[in-house]
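Student:
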Ligand code: LLP
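Residue numbers (the working numbering): 27 to 439.
What follows is the structure, given as structure tokens:
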């Protein structure tokens, strides 16, 4: 469900024609729909009810400060993976008690900063990290709240690059190692065990892997109680629900959450760390056609957005729908839609049938997650602007970069 649609052959973000925004702000341009983001957040909030479960939006997915601030206002918590993300959510007004910290490579500086800010939980991913956190907590004369990230060795049946819960992945500890880590934490006065955590992957489109992961974690929770008298307050079940890019048919948020909640004991809290399912279809990328090039065997539509703006097609062969901002303009053509970057992997769509002509605006759909946040300055291309639409109003939420922004840290002698 989203608030992007054609009205009389012209494409709209909520009540604003996208062509108008391309003319106002230039292209390439990321455009987000506030109503779509709110709709998704409310679905999660409603599915959780008043049960004290925690929704921790995964900041890596889209970390624009305006978006984070809107989430703070709606009462969302945050899953962060770096000091930078923590600084941004604090800037947006988040409380430490609403933040969980994931990631395999948390540095001493990052752990210190997070502990100073009294975050809710450290999702610890290795034994050396646990030792480091214990030392830091002793120095700050505090108890660091911890959950051990367990790698449940479950195939989430997603793209191999975004699968995280199999034994060959770098994330978390296997069940035996996790038990040892819990033993260590129980005996340390500077660590406080509060939870258990896992993350099995992203863009997951069936419920079964979550059910399997929940079962494995709950078995471990029972074992920790029986063998070590350890009480676990919360289960943080990472593994993001998939969205529809092409013809995928993921379960709805409430069906998914209910299938997990029925398994969890009444006195245990659930934490979820969704990102894609909140942001993906709340964002589009507008680009302008520079040239249409017809070679002997192949046609190319060359746009002003490239793999530096949206890397998902190049990196994961990801599919995104690409449609014209105005229907029935120009000629029907089958072509690869490519960018200006000097790489053959710089495409946003292969063999697409589309009707368009030079200077037309194209819309790449479902790019609100892992879109702008993965953009780069490759080929010295300033990153695009970002705009938020709310019904019939629109405002810039990030200015387009300038060449000066790109070179300001360089030294010329
Ligand atoms: N929590 C943790 C610990 C994660 O590693 C991730 C994503 C999430 C939460 C959010 O998962 P989501 O709800 O978005 O599925 N760049 C790739 C996706 C990488 C996912 C990394 N981890 C892409 O564009 O598909």
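Built from N, CA and C at the ideal position, the CB exists for glycine as well.
Just so it is clear, the structure is predicted and the values come from calculations on it, not from any experiment.
To which residues does DSSP link residue 411 through a beta bridge?
Tutor: DSSP, once it has assigned bridges, lists 55 as partnering residue 411.
Student: Per DSSP, what kind of secondary structure is residue 29 in: helix, strand or coil?
Tutor: If DSSP states are grouped into helix, strand and coil, residue 29 belongs with coil.
Student: Kindly indicate which residue of 329, 399, 413 and 386 has the alpha-carbon position closest to the one of residue 374.
Tutor: When only C-alpha atoms are compared, the closest one is 329.
Student: Got a sec? Which residues, its chain only, sit under 7 Å from residue 209 by beta carbon, not counting five neighbours each side?
Tutor: Around residue 209: 254.
Student: Please indicate yes or no: does the CB of residue 396 lie closer than 6 Å to some heavy atom of ligand 1?
Tutor: Because some heavy atom of ligand 1 lies under 6 Å away, the Cβ of residue 396 counts as near it: yes.
Student: Is the segment 199 to 207 close to the segment 172 to 179, with three or more CB pairs under 8 Å?
Tutor: Touching, yes, given that three or more Cβ pairs across the two stretches are closer than 8 Å.
Student: Pull up the CB-CB distance for residue 429 and residue 411, whole angstroms please, since I reckon it's below 8 Å.
Tutor: Their Cβ separation, rounded to whole angstroms, is 15 Å, which puts residue 429 and residue 411 out of contact at 8 Å.
Student: What are the residues that DSSP puts in a beta bridge with residue 478?
Tutor: This structure cannot settle anything about residue 478, because the visible part of the chain is limited to 27 through 439.
Student: To the nearest angstrom, report how far apart residue 120 and residue 101 are at their CA atoms.
Tutor: Using only the alpha carbons, I get a separation of about 9 Å.
Student: Does the Cβ of residue 277 lie closer than 6 Å to at least one heavy atom of ligand 1?
Tutor: Checking the Cβ of residue 277 against ligand 1 gives no.
Student: Quick test of your reading: residue 236 and residue 263, contact by CB under 8 Å. State the CB separation rounded to the nearest angstrom.
Tutor: About 7 Å; that satisfies the 8 Å criterion.
Student: Please determine whether the Cβ atom of residue 126 lies at a distance below 6 Å from any heavy atom of ligand 1.
Tutor: False, no ligand heavy atom lies under 6 Å from that Cβ.
Student: So, using beta-carbon positions, are residue 62 and residue 308 closer together than 7 Å?
Tutor: Contact flag set, yes.
Student: Determine, using beta carbons only, whether residue 404 and residue 323 come nearer to each other than 7 Å.
Tutor: Their beta carbons are not under 7 Å apart, which means residue 404 does not touch residue 323 by this criterion.
Student: In terms of residue numbering, what span does the beta strand (DSSP E) encompassing residue 377 cover?
Tutor: 373 to 382 is the extent of the beta strand (DSSP E) around residue 377.
Student: Quick one: what's residue 424 bridged to in DSSP?
Tutor: Per DSSP, 412.
Student: Distance check for residue 395 and residue 305, CA to CA, integer angstroms please.
Tutor: If you take the alpha carbons of residue 305 and residue 395, they lie about 5 Å apart.
Student: What are the uninterrupted segments assigned as alpha helix (DSSP H) that are 4 or more residues long and contained completely in the segment 84 to 162, given in chain order?
Tutor: Whole alpha helix (DSSP H) segments, 4+ residues: 91 to 99, 109 to 117 and 134 to 142.
Student: List the residues that DSSP assigns as beta-bridge partners of residue 214.
Tutor: None; residue 214 has no bridge partner.
Student: Enumerate in chain order the residues of its own chain whose CB-to-CB distance from residue 243 is below 8 Å, with the five nearest sequence positions on each side excluded.
Tutor: The residues are 176, 178, 222, 224, 261 and 263.
Student: Since residue 229 and residue 302 should fall inside the 8 Å C-beta cutoff, what is the C-beta to C-beta distance between them, to a whole number of angstroms?
Tutor: Right, the Cβ-Cβ distance comes to about 6 Å (below 8 Å), so this counts as a contact.
Student: Going by the beta-carbon positions, is the gap between residue 274 and residue 268 smaller than 7 Å?
Tutor: Yes.
Student: Using the rule of at least 16 other Cβ atoms within 10 Å of the residue's Cβ for burial, across every protein chain shown, is residue 390 buried or exposed?
Tutor: Residue 390 should be labelled buried.
Student: How is residue 391 classed by DSSP in three states: helix, strand or coil?
Tutor: Three-state result, residue 391: coil.
Student: Using the rule of at least 16 other Cβ atoms within 10 Å of the residue's Cβ for burial, across every protein chain shown, is residue 184 buried or exposed?
Tutor: By the 10 Å Cβ count, residue 184 comes out buried.
Student: Among 377, 38 and 136, whose alpha-carbon lies nearest the alpha-carbon of residue 109?
Tutor: Of the candidates 377, 38 and 136, the one whose C-alpha sits nearest the C-alpha of residue 109 is 136.
Student: Quick one: is residue 317 buried, meaning 16 or more other Cβ sit within 10 Å of its Cβ, or exposed?
Tutor: By the 10 Å Cβ count, residue 317 comes out exposed.
Student: Looking at the secondary structure, which residues open and close the alpha helix (DSSP H) in which residue 439 lies?
Tutor: Run containing residue 439: none; DSSP gives neither H nor E here.
Student: Would the beta-carbon of residue 420 be found less than 6 Å away from any heavy atom of ligand 3?
Tutor: Inclusion of ligand 3 in the displayed structure is not the case, the ligand content consisting of ligand 1 alone.
Student: Ends of the alpha helix (DSSP H) at residue 236?
Tutor: That run of the alpha helix (DSSP H) goes 234 to 254.
Student: Have a look at the DSSP bridge pairing and note the partners of residue 361.
Tutor: 378.
Student: In the DSSP assignment, find the unbroken beta strand (DSSP E) run with residue 170 in it and report its ends.
Tutor: Unbroken beta strand (DSSP E) run through residue 170: 170 to 175.
Student: With C-beta atoms as the reference, is residue 138 less than 7 Å away from residue 162?
Tutor: Yes, the Cβ-Cβ distance between residue 138 and residue 162 is below 7 Å.
Student: Please report the Cβ distance between residue 371 and residue 325, rounded to the nearest whole angstrom; I am assuming they are in contact, meaning their Cβ atoms lie under 8 Å.
Tutor: Not confirmed; about 18 Å, so no contact.
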